[in-house]
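K.L.:
Before we start, here is the structure in question, set down as structure tokens.
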Amino acid sequence: MLGKLAVRNTKRSLKDYLIYLITITISFSLILAFHLVVASDEVLKLSSGMGSFKNVLTFINGMIIFVICFLINYTTRFMFEKRSKELGTYMLLGIKKKSIACLLVIENILLGAAAFVLAIPLGFAFSQFVSLVIVRLLGIPKVIFISVSVGPIGFLAVYFLAIYVLVLLNLLRRIRKMTVHDFLYFEKQNEKKMFGSSRKRNILFGVSVLIGAGALFLWYSRCSFEKFGEQSTTTWLMVSIILLILSSYGISATCADMLLSVLLKSKKMKYRKDHLFVARTFASKVRTMSFTFGTLSMLILLSLLCLNFSSINKGVYRTSIELNAPYDVEVFDWTQPFDDFNEYVRVIDEDYTINKIMMYNVYKEPGHQIQNYYDVQFYDYDPVMKLSDYNQCLALRNMDPIDLKDHEYFLVTNRQLLYKVENNEAVQRIRFAGEELHLKGIDTKSYWYNMNNTGRFTVIVPDAYVQGLEIAEPHLIVDTVEETTSELEEKIRTELKHFLVVTDENGEQTQEYYRVNVRGTAIEEQNSMTAMMASICLYIAFILISAVGTILAVQSLSDAAKYTYRYQTLRRLGVNDRSLFRTVRKQLWILFGVPVICPVISSFSMLTSVNHVYQVMLESRFSYLFYFIGGLAIFFLIYGIYWMASYIGFKRNISEERSNENWDY
14 MLGKLAVRNT KRSLKDYLIY LITITISFSL ILAFHLVVAS DEVLKLSSGM
64 GSFKNVLTFI NGMIIFVICF LINYTTRFMF EKRSKELGTY MLLGIKKKSI
114 ACLLVIENIL LGAAAFVLAI PLGFAFSQFV SLVIVRLLGI PKVIFISVSV
164 GPIGFLAVYF LAIYVLVLLN LLRRIRKMTV HDFLYFEKQN EKKMFGSSRK
214 RNILFGVSVL IGAGALFLWY SRCSFEKFGE QSTTTWLMVS IILLILSSYG
264 ISATCADMLL SVLLKSKKMK YRKDHLFVAR TFASKVRTMS FTFGTLSMLI
314 LLSLLCLNFS SINKGVYRTS IELNAPYDVE VFDWTQPFDD FNEYVRVIDE
364 DYTINKIMMY NVYKEPGHQI QNYYDVQFYD YDPVMKLSDY NQCLALRNMD
414 PIDLKDHEYF LVTNRQLLYK VENNEAVQRI RFAGEELHLK GIDTKSYWYN
464 MNNTGRFTVI VPDAYVQGLE IAEPHLIVDT VEETTSELEE KIRTELKHFL
514 VVTDENGEQT QEYYRVNVRG TAIEEQNSMT AMMASICLYI AFILISAVGT
564 ILAVQSLSDA AKYTYRYQTL RRLGVNDRSL FRTVRKQLWI LFGVPVICPV
614 ISSFSMLTSV NHVYQVMLES RFSYLFYFIG GLAIFFLIYG IYWMASYIGF
664 KRNISEERSN ENWDY
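For the sequence shown, this note's numbering begins at 14 and goes up steadily by one.
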């Protein structure tokens, strides 16, 4: 009997909570899809960087499970509230509270089981799409078929059980405290006003706004080249995020009252059309779910940040390649006796057609005048490169050469460290080999991380000035006709291990594989990172946006059923369907729009601040604006689907009640 009743109620619930079931199904299917992808040996073999994909995904799924648990718990609570009178009637008929609890548990398990079963084939389909995206981002001209395996389905089953055990335990705890009276009048409980006086509300609102502004200013103050690398920056950014969370909850708790107060003070506005009805409906709702609105705002902010970070990660792709490996093969040494570079050339020549070979030296300038401005203590010289070698490096990268007159020098440095020497009068003139050299210019475009082992900068001088200087590092650059791959780097490491694994006087071995850089490896690693971060960020963003949209949709549909009398009253007062549905649209615009305002402002401010650090690696200092607009477009596309589903469901509920009313007559 209890089982049949549970099945009947579950079928009935599908109609009202179809959007909830769809969201849960898609969420479970995405979890399964990503687990299927990382469990595929073929995907992991695409790149060495894909090995960390599984570890990152495990951490991310912990957060996703929390969000899904929050979504299911919230929806279960509303389902419980909507059916409280029905459950109270069961108790009046003599059904024990324990049986009612079992009934609700069975219903929720049936809904969850339906989502779980549907998620398996859907997750399999999604896994093929995720695999296709990863392959395209890696630039691999083939398609990888992801097969179904028991392991990922087992992980999904564990997640499913963990989520529903937590949710149902909370539901059972709630039922134990309920009486017959509580069940019958649960949905009729009066809404509690959070603030007894407008003064307290205004103070909290003002303080919350100030805290939010302070948090964004603190975030902005740490996003600079001078401070971003400091250890304390991470701490201050965490403090900024905590303050931003407090601000979001404070604003969410007061915005409804503020909106209603502004409307009530203007007689012209409050009595115009349906403004008072819409504002009152929204205010009564937010007063009872201010904590939920704060949580939704934080989820929206996190989703927008994920979308923006995904775009920035793709935007720095080309710059990262040029900084890590601008040449097909590059090798250097820094301890004497220096390696025989002809051995490296021999290994490369076995598999590739060599177009050009170049060798250059980095010299030590013992005066270390430039190094003093970079706050470096672990070496006591300025790395120097002669002009002819530097121009050859530029030619290999299709860059224009430079010309230095006698008594001139040129400085090449990292973009992120440019601020240390830019506009610094002290570097305009330096003493070099007994002569005074004038700074001709500073360049960052031709810099790469392994230009010299000391990093940070290189001094370019006319060839004559390096005579008599000690060689710090010899470098080898090999330009090949074919595109290099990571297999070449692995071959060099294997066959020339005697060069790259150094044994000290104590017999301890040190691996110096960092002295070999192959462009193919750098591209593969960067592609892997881009694919991994882009897919995971989009995964997080979709789950979070869907959770927010589902909660608001369930809330609005519950209101449509719970407060049907309001719309019946409007009809009896002569409001036609067109005006009534326009009022519904306004309610939904406000309900869906208010939680978005603070996150959009905050995310734009945070992205603008982060751009101060990343703009040197992007194509343009204004690229972040396109990333922000693109992220908003993706967000509102998904968010708009939930708004539309809510509006259609709202209209359907009102129309059904009207049909029932006509039938009663």
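Where is the CB? At the ideal position from N, CA and C, for every residue including glycine.
1) Going by DSSP in three states, K95 sits in which element: helix, strand or coil?
2) Could you check if E204 is buried or exposed, using at least 16 other CB atoms within 10 Å of its CB as the buried criterion?
3) Give me whichever residues DSSP pairs with I682 in a beta bridge.
4) Could you give the DSSP three-state label for G256: helix, strand or coil?
5) Quickly, what does DSSP pair Q244 with across the bridge? List them, please.
6) Quick one: grab the DSSP three-state call for L452.
7) Quick check: the Cα distance between T457 and V80, rounded to an integer number of angstroms?
8) Which same chain residues end up closer than 6 Å to I505 when comparing Cβ atoms and leaving out the 5 residues on each side of it in sequence?
9) Report the residue from S310, E632 and L273 whose alpha carbon sits nearest the alpha carbon of V609.
10) Could you check if G481 is buried or exposed, using at least 16 other CB atoms within 10 Å of its CB as the buried criterion?
11) Counting along the chain, where does the beta strand (DSSP E) carrying M398 start and finish?
12) Less than 8 Å between the C-beta atoms of G263 and V220, yes or no?
13) Taking 8 Å as the cut-off, does the segment 563-574 touch the segment 651-662 (at least 3 CB pairs, one atom from each stretch)?
14) To the nearest angstrom, how far is it from the Cα of I37 to the Cα of A126?
15) Which residues does DSSP pair with R665 in a beta bridge?
16) With a threshold of 8 Å, are at least 3 pairs of Cβ atoms found where one atom belongs to the segment 340-359 and the other to the segment 644-658?
17) For the segment 387-404 and the segment 507-515, state whether three or more C-beta atom pairs, one from each stretch, are separated by less than 8 Å.
18) So, with DSSP's three-state summary, where would you put N385?
19) By Cβ distance, which residues of its chain are closer than 6 Å to L9, with the 5 residues on each side in sequence left out?
20) In angstroms with no decimal places, state the Cα-to-Cα distance between P487 and F354.
21) So, with DSSP's three-state summary, where would you put I415?
22) Could you check if I44 is buried or exposed, using at least 16 other CB atoms within 10 Å of its CB as the buried criterion?
23) Can you round the beta-carbon distance between Q455 and L431 to whole angstroms, since I take them to be within the 8 Å contact cut?
24) Taking the alpha carbon of P475 as the point to measure from, which residue in T294, R189 and E449 has its own alpha carbon closest?
25) Are the segment 458-475 and the segment 308-327 touching, with three or more C-beta to C-beta distances below 8 Å?
26) Report the rounded CA-to-CA distance for L181 versus S265, giving the unit in angstroms.
27) DSSP state of R444, grouped into three classes?
28) Going by beta-carbon coordinates alone, are K664 and V613 separated by less than 8 Å?
29) Starting from the Cα of T471, find the closest Cα among L417, K399, Y172 and T534 and give me that residue.
30) Less than 6 Å between C-beta atoms, sequence neighbours within five positions excluded: which residues of the same chain meet that for F10?
31) Determine the extent of the alpha helix (DSSP H) in which L320 is found, giving its start and end residues.
32) If you compare alpha carbons, which of P379, K377 and I473 is closest to D416?
33) So, using beta-carbon positions, are A338 and V531 closer together than 8 Å?
34) Note down the Cα distance separating K278 from K286, rounded to an integer number of angstroms.
35) Which of helix, strand or coil does DSSP assign to I159?
36) Just curious, the beta strand (DSSP E) that F470 is in, first and last residue?
P.N.:
Considering the structure as presented:
1) Taking the sequence shown and counting its residues from 1, one reaches residue 95 at position 82. Judged by DSSP in its simplified three-state form, K95 adopts helix.
2) Mapped onto the sequence shown, residue 204 falls at position 191. Residue confidence for E204 is low, a pLDDT of 48 falling below 50, so the modelled location carries little weight; the figure read from the coordinates is stated next. Around the CB of E204, fewer than 16 other CB atoms lie within 10 Å, so the residue is classed as exposed.
3) The first residue shown for the chain is 14 and the last is 678, placing residue 682 beyond what the model contains.
4) Reading the sequence shown from its first residue, position 243 is the one you call residue 256. Rather than Gly, the amino acid found at residue 256 in this sequence is Leu. In the displayed model, L256 falls within a helix according to three-state DSSP.
5) Position 231 of the sequence shown, counted from the start, is the residue given in the question as residue 244. Q244 is not bridged to any residue.
6) By 1-based counting over the sequence shown, the position of residue 452 is 439. Secondary structure at L452: strand, using DSSP grouped into helix, strand and coil.
7) As a first step, residue 457 is located in the sequence shown; it is residue number 444 there, counting from the start. As a first step, residue 80 is located in the sequence shown; it is residue number 67 there, counting from the start. Looking at the two C-alpha atoms, the distance is approximately 44 Å.
8) As a position in the sequence shown, residue 505 is number 492, starting the count at 1. Result list for I505: V360 and V529, in chain order.
9) Counted from its first residue, the sequence shown places residue 609 at position 596. Closest option to V609, judged by alpha-carbon separation, among S310, E632 and L273: S310.
10) Your numbering for residue 481 matches position 468 in the sequence shown. By the 10 Å Cβ count, G481 comes out exposed.
11) As a first step, residue 398 must be located in the sequence shown, where it is residue number 385. Counting along the chain, the beta strand (DSSP E) containing M398 begins and ends at D395 to K399.
12) Translated into positions along the sequence shown, residue 263 becomes position 250. Translated into positions along the sequence shown, residue 220 becomes position 207. Yes. Within cutoff.
13) Yes, the segment 651-662 is in contact with the segment 563-574.
14) Within the sequence shown, numbered from 1, the residue matching residue 37 stands at position 24. Within the sequence shown, numbered from 1, the residue matching residue 126 stands at position 113. I37 and A126: Cα-Cα distance of roughly 10 Å.
15) Translated into the one-based positions of the sequence shown, residue 665 becomes position 652. None, per the DSSP bridge assignment.
16) Taking one beta carbon from each stretch, the segment 340-359 and the segment 644-658 have fewer than 3 pairs nearer than 8 Å; the two do not touch.
17) Contact fails: fewer than three Cβ-Cβ distances are below 8 Å.
18) Here residue 385 refers to the residue found at position 372 of the sequence shown. Here DSSP, grouped into helix, strand and coil, assigns N385 to helix.
19) This structure cannot settle anything about residue 9, because the visible part of the chain is limited to 14 through 678.
20) Numbered from 1 along the sequence shown, position 474 holds the residue referred to as residue 487. Numbered from 1 along the sequence shown, position 341 holds the residue referred to as residue 354. Their Cα atoms are separated by approximately 9 Å.
21) For the purposes of this step, residue 415 is taken as the residue at position 402 of the sequence shown. Coil at I415, not helix or strand.
22) What you label residue 44 is simply residue 31 of the sequence shown in a count that begins at 1. A buried status is given to I44, since no fewer than 16 other beta-carbon atoms sit within 10 Å of its beta-carbon.
23) For the purposes of this step, residue 455 is taken as residue 442 along the sequence shown, with counting starting at 1. For the purposes of this step, residue 431 is taken as residue 418 along the sequence shown, with counting starting at 1. Looking at the sequence provided, one finds Ile at residue 455 rather than Gln. Right, the Cβ-Cβ distance comes to about 7 Å (below 8 Å), so this counts as a contact.
24) As a position in the sequence shown, residue 475 is number 462, starting the count at 1. Of the candidates T294, R189 and E449, the residue whose Cα lies closest to the Cα of P475 is E449.
25) No, they do not touch.
26) Locating residue 181 in the sequence shown gives position 168, counting from the first residue. Locating residue 265 in the sequence shown gives position 252, counting from the first residue. Those two C-alpha atoms are separated by around 28 Å.
27) Residue numbering aside, residue 444 sits at position 431 when the sequence shown is read from its first letter. Correct three-state label for R444: strand.
28) Here residue 664 refers to the residue found at position 651 when the sequence shown is read from its first residue. Here residue 613 refers to the residue found at position 600 when the sequence shown is read from its first residue. A distance of 8 Å or more separates the beta carbons of K664 and V613.
29) Taking the sequence shown and counting its residues from 1, one reaches residue 471 at position 458. The residue among L417, K399, Y172 and T534 with its C-alpha nearest the C-alpha of T471 is K399.
30) The structure shown has nothing for residue 10, since the chain only spans 14 to 678.
31) In the sequence shown, the residue the question calls residue 320 occupies position 307. Its alpha helix (DSSP H) spans residues S303 to G328.
32) Locating residue 416 in the sequence shown gives position 403, where the first residue counts as 1. For the residues P379, K377 and I473, the minimum Cα distance to D416 belongs to I473.
33) To locate residue 338, count along the sequence shown from 1; it is residue 325. To locate residue 531, count along the sequence shown from 1; it is residue 518. With contacts defined by Cβ atoms closer than 8 Å, A338 and V531 form a contacting pair.
34) Looking up residue 278 in the sequence shown gives position 265. Looking up residue 286 in the sequence shown gives position 273. Rounded to whole angstroms, K278 to K286 spans 16 Å at the Cα level.
35) Along the sequence shown, one-based indexing puts residue 159 at 146. If DSSP states are grouped into helix, strand and coil, I159 belongs with coil.
36) Counted from its first residue, the sequence shown places residue 470 at position 457. It spans F470 to V474 - the beta strand (DSSP E) in which F470 sits, taken as one unbroken run.
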